[in-house]
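Protein chains in written order, with my numbering: chain A, 774 to 887; chain B, -19 to 93. Ideal Cβ placement from N, Cα and C applies to all residues, glycine included. Note that the structure is predicted; figures quoted are calculated from it, not measured.
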């Protein structure tokens, strides 16, 4: 079975706090990609990052960082020093190359208060 | 930058009407997709297209059809709109299976009354 679980439905933080969004995935395939998307109130899903299954190196982009651990099947997303503009729904997604399917988690709504 | 546009942000239609949702991408992407997004159900794939004139059913194709006459344009058609098709519709495109990341349009919020 292929599945993405985002156990946190909603998270609220105060500006400047760090926050981590969890993502756990399931697949038996060895070739896959993991993604994070951001959906602000305007509705458009914005692509943030892609990680392939052969590359466990963590990535940092400004205040955003991603931690990929195959041992725990997790691909967590951390926002450092959160800002109000980070308020959005964040989706983790799994792409399995053999089936050509993109499977989304149910999303985590992040609210950052001033 | 990839740009995917959708013909309407908000649409209100009556039950039984034929509804056309248009999507255009400007990055010469091969593949295009239509999803619907509902609270608690996440994103569900309706139809996708690998190339012009090609279409494949997704997970929930019933009540929908699609058309791809040109590479940049992918249309979703609701033959006879019903209230259970009230939803947010998202179009996406990607270069190909190898690159895999999909780029999404702003969405169309459709209400069927």
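How big is the Cα-Cα spacing for residue i and residue j?
i                      : j                      : result
residue 885 of chain A : residue 850 of chain A : 15 Å
residue 788 of chain A : residue 836 of chain A : 13 Å
residue -4 of chain B  : residue 81 of chain B  : 35 Å
residue 61 of chain B  : residue 841 of chain A : 43 Å
residue 923 of chain A : residue 9 of chain B   : Missing from the structure shown is residue 923 of chain A; chain A here goes from 774 to 887 and no further.
residue 823 of chain A : residue 798 of chain A : 14 Å
residue 848 of chain A : residue 794 of chain A : 9 Å
residue 872 of chain A : residue 35 of chain B  : 16 Å
residue 800 of chain A : residue -1 of chain B  : 37 Å
residue 792 of chain A : residue 55 of chain B  : 39 Å
residue 51 of chain B  : residue 790 of chain A : 45 Å
residue 63 of chain B  : residue 870 of chain A : 35 Å
residue 802 of chain A : residue 874 of chain A : 12 Å
residue 844 of chain A : residue 868 of chain A : 18 Å
residue -12 of chain B : residue 71 of chain B  : 12 Å
Are residue i and residue j closer than 8 Å when you measure CB to CB?
i                      : j                      : result
residue 812 of chain A : residue 864 of chain A : yes
residue 796 of chain A : residue 779 of chain A : yes
residue -16 of chain B : residue 5 of chain B   : yes
residue 83 of chain B  : residue 16 of chain B  : no
residue 47 of chain B  : residue 40 of chain B  : no
residue 816 of chain A : residue 19 of chain B  : no
residue 855 of chain A : residue 786 of chain A : yes
residue 806 of chain A : residue 819 of chain A : no
residue -14 of chain B : residue 93 of chain B  : no
residue 90 of chain B  : residue 25 of chain B  : no
residue 11 of chain B  : residue 30 of chain B  : yes
Tell me the DSSP secondary structure of residue i in three-state form.
i                      : result
residue 778 of chain A : strand
residue 793 of chain A : strand
residue 857 of chain A : helix
residue 847 of chain A : strand
residue 803 of chain A : coil
residue 82 of chain B  : coil
residue 881 of chain A : strand
residue -15 of chain B : strand
residue 91 of chain B  : strand
residue 64 of chain B  : helix
residue 94 of chain B  : The structure shown has nothing for residue 94 of chain B, since chain B only spans -19 to 93.
residue -1 of chain B  : strand
Give me the chain A residues within the contact set of residue i, using Cβ-Cβ distance strictly less than 7 Å, ordered along the chain.
i                     : result
residue 68 of chain B : 816
residue 81 of chain B : 808, 820 and 823
Please list, in chain order, the chain B residues whose beta carbon lies closer than 8 Å to that of residue i.
i                      : result
residue 873 of chain A : 77
residue 880 of chain A : 22
Which chain A residues sit within Cβ distance under 8 Å of residue i?
i                     : result
residue 85 of chain B : 817
Round the Cβ separation of residue i and residue j to the nearest angstrom and send it over; I've been treating them as touching at under 8 Å.
i                      : j                      : result
residue 43 of chain B  : residue 65 of chain B  : 6 Å
residue 3 of chain B   : residue 53 of chain B  : 7 Å
residue 22 of chain B  : residue 880 of chain A : 7 Å
residue 866 of chain A : residue 827 of chain A : Between residue 827 of chain A and residue 866 of chain A the Cβ distance is about 18 Å, and since that is not below 8 Å, they are no contact.
Is residue i near the ligand ZN, judged by its Cβ being under 7 Å from some heavy atom?
i                     : result
residue 90 of chain B : As presented, the structure is devoid of all ligands, the ligand ZN included, so that no description of it is given.
Starting from the beta carbon of residue i, find every residue of chain B whose beta carbon is closer than 9 Å, and list them in chain order.
i                      : result
residue 870 of chain A : 77, 78 and 80
Show which residues of chain B have a CB atom less than 7 Å away from the CB atom of residue i.
i                      : result
residue 877 of chain A : 22 and 23
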